[in-house]
Amino acid sequence: MGEANDSTFSGFLLLGFSNRPQLETPLFVLILIVYFLSFLGNGTIILLSWMDPRLHTPMYFFLSNLSFMDLCLTTCTVPQTLANLQGRVKTITYGGCVTQLFIALGLGGVECVLLAVMAYDRYAAVCRPLHYLAIVHPQLCLWLVLTAWFTGFGNSVLQTALTMILPLCGRNQLDHFFCEVPVMLKLSCADTSFNQAELFTVSVFFLVVPLSLILLSYGHITRAVLKIKSAQGRQKAFGTCGSHLMVVVIFFGTLISMYLQPPSSYSQDVNKSIALFYTLVTPLLNPLIYTLRNKEVKGALRRLLRVTMDSRRS
Numbered sequence: 000m001g002e003a004n005d006s007t008f009s010g011f012l013l014l015g016f017s018n019r020p021q022l023e024t025p026l027f028v029l030i031l032i033v034y035f036l037s038f039l040g041n042g043t044i045i046l047l048s049w050m051d052p053r054l055h056t057p058m059y060f061f062l063s064n065l066s067f068m069d070l071c072l073t074t075c076t077v078p079q080t081l082a083n084l085q086g087r088v089k090t091i092t093y094g095g096c097v098t099q100l101f102i103a104l105g106l107g108g109v110e111c112v113l114l115a116v117m118a119y120d121r122y123a124a125v126c127r128p129l130h131y132l133a134i135v136h137p138q139l140c141l142w143l144v145l146t147a148w149f150t151g152f153g154n155s156v157l158q159t160a161l162t163m164i165l166p167l168c169g170r171n172q173l174d175h176f177f178c179e180v181p182v183m184l185k186l187s188c189a190d191t192s193f194n195q196a197e198l199f200t201v202s203v204f205f206l207v208v209p210l211s212l213i214l215l216s217y218g219h220i221t222r223a224v225l226k227i228k229s230a231q232g233r234q235k236a237f238g239t240c241g242s243h244l245m246v247v248v249i250f251f252g253t254l255i256s257m258y259l260q261p262p263s264s265y266s267q268d269v270n271k272s273i274a275l276f277y278t279l280v281t282p283l284l285n286p287l288i289y290t291l292r293n294k295e296v297k298g299a300l301r302r303l304l305r306v307t308m309d310s311r312r313s
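Here the sequence shown is numbered in numbering that gives the first Met the number 0, starting from 0 and rising by one per residue.
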C-alpha cells in the first residue's frame, strides 16, 4: 500500500473489539476454548484418516484435507486475535497483515471448492453406489483436491496484490480483528470501485457457483433417499444430509453476507461477528458434523485407543 513503503510505517492497528472493552476477557476465554476444541477435533480426524486403513477412502481423504485446511485457517487468525484481546498494543506488522490476508483468503477459497467436491462425492456414493469407486477413483480425488488448493491460492495471489497496492494516505486503523479484503478496501483513500467490482465477481465464482453445485448434489441425494423403503434408512440419510447442509449454510451464508453485501449495509460490529463464525465456528462444526457422529470414525477412535492402551501395558 501507498504508505507501506514509508520508513515510518509501523504496521496496522487492529481495533477488534476495543470499543467494547468489557467483552474482551469473555471473548478471549470463549475463543481460546473454541480454538482448542477445533484443534483437537480436526487433529483427531487427520490422525485417524492417516492411521486407520479402513478410513483410506475418498470421503475421508477429502475430510482430512478439510480438517487440515480448517486447522490452518484458525491458526492464521486466532493467535493474533487472542494476543490483541489481552494486550494493550493491538498492532500487526505490514508483513504480518499481508501474510494473514493471503493465507486466510486462500484457505477460504479452498474450503468453498472442497465443500463442493465433497458434495459430489456424497452424490456419487448415494446415487451411483455400484459405480462409486470407478467414478471417484484415487487419481480423480488427488486432482480435485489439488484443483481446490491451486484455485484458492491462485485467487489469493491476485486479491492480495490488488488490495495491498492501494494507497492508505496515512490511515492504519483496521476496524476488525484480522486483515480482510472488505475492511482493507474501506481503509484506502483511493477510488476502490474497480476492486469492489472485481471482488464481487470473484466472490460469485467462489461462493454462488459452489453453493449451487452443492444444493444440486443434495437435491439428487434427497430424491434418491426418498426412494428408500425403510423409514429408519430414510431418517438416517436425512439426518446425515441435514447436518452436512447446516454446515454448508452457515459457512456460505456468513461469507456471502460479508463479500456479496452492498458496501456499508451492515455495521462493522455485525461484520466482525460474521467473520468470527466462518473463521472459528465452522472449523469447530466440521469435525462434529461430518465425522465425530459417524460410526466408522468412532470405531477407528476406539481401535486407536485400544492399541495405545495395549502398548502402554506391554
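From the three backbone atoms N, C-alpha and C, an ideal C-beta is built for every residue, glycine too. Here the structure is a predicted model, which is why all the values come from computation and not from measurement.
Quick one, are the C-beta atoms of residue i and residue j less than 8 Å apart?
i	j	result
A89	L14	The amino acid at residue 89 is misidentified as Ala; the sequence shows Lys. Result yes, Cβ atoms of K89 and L14 sit closer than 8 Å.
T278	L72	yes
Q267	F177	no
S202	L259	yes
L139	F11	no
I102	S66	no
L106	M163	no
L114	F16	no
R53	A299	yes
F27	L84	yes
V112	G151	yes
V109	A82	no
V180	L198	yes
M50	L304	no
Can you tell me which of the three DSSP states residue i falls into?
i	result
F177	coil
T90	strand
Q172	strand
R311	helix
L167	coil
M272	The amino acid occupying residue 272 in the given sequence is Ser; Met does not appear at that position. Three-state result, S272: helix.
R19	coil
T43	helix
R127	coil
C188	coil
L244	helix
Q260	coil
D51	coil
N293	coil
What are the start and end residues of the alpha helix (DSSP H) that includes residue i?
i	result
F67	57 to 85
H219	208 to 225
S229	Careful: S229 lies outside any alpha helix (DSSP H) and carries neither H nor E.
L139	137 to 163
L279	Element bounds for L279: n/a, residue is neither H nor E.
Here's the rule I'm using: 16 or more other beta-carbon atoms within 10 Å means buried, otherwise exposed. How should residue i be labelled?
i	result
P282	buried
N41	buried
L145	exposed
I288	buried
V77	buried
P57	buried
P166	exposed
R87	exposed
Q79	buried
V269	exposed
What number of angstroms, rounded off, separates the C-alpha of residue i from the C-alpha of residue j?
i	j	result
L210	V247	8 Å
F205	G252	13 Å
V97	S155	11 Å
M245	L214	12 Å
A124	S216	11 Å
E295	T24	39 Å
T74	K228	45 Å
A223	V208	23 Å
D5	A196	Confidence is the limiting factor: at D5 the pLDDT is only 42, short of 50, which leaves the residue's position unreliable, though a coordinate-based value still follows. Going by the C-alpha atoms only, they are around 29 Å apart.
R311	V116	40 Å
L212	D309	46 Å
H243	F35	22 Å
V240	Y119	Contrary to the premise, residue 240 reads as Cys rather than Val in this sequence. So the alpha carbons of these two residues sit roughly 13 Å apart.
L141	S187	40 Å
In terms of residue numbering, what span does the beta strand (DSSP E) encompassing residue i cover?
i	result
F11	11 to 13
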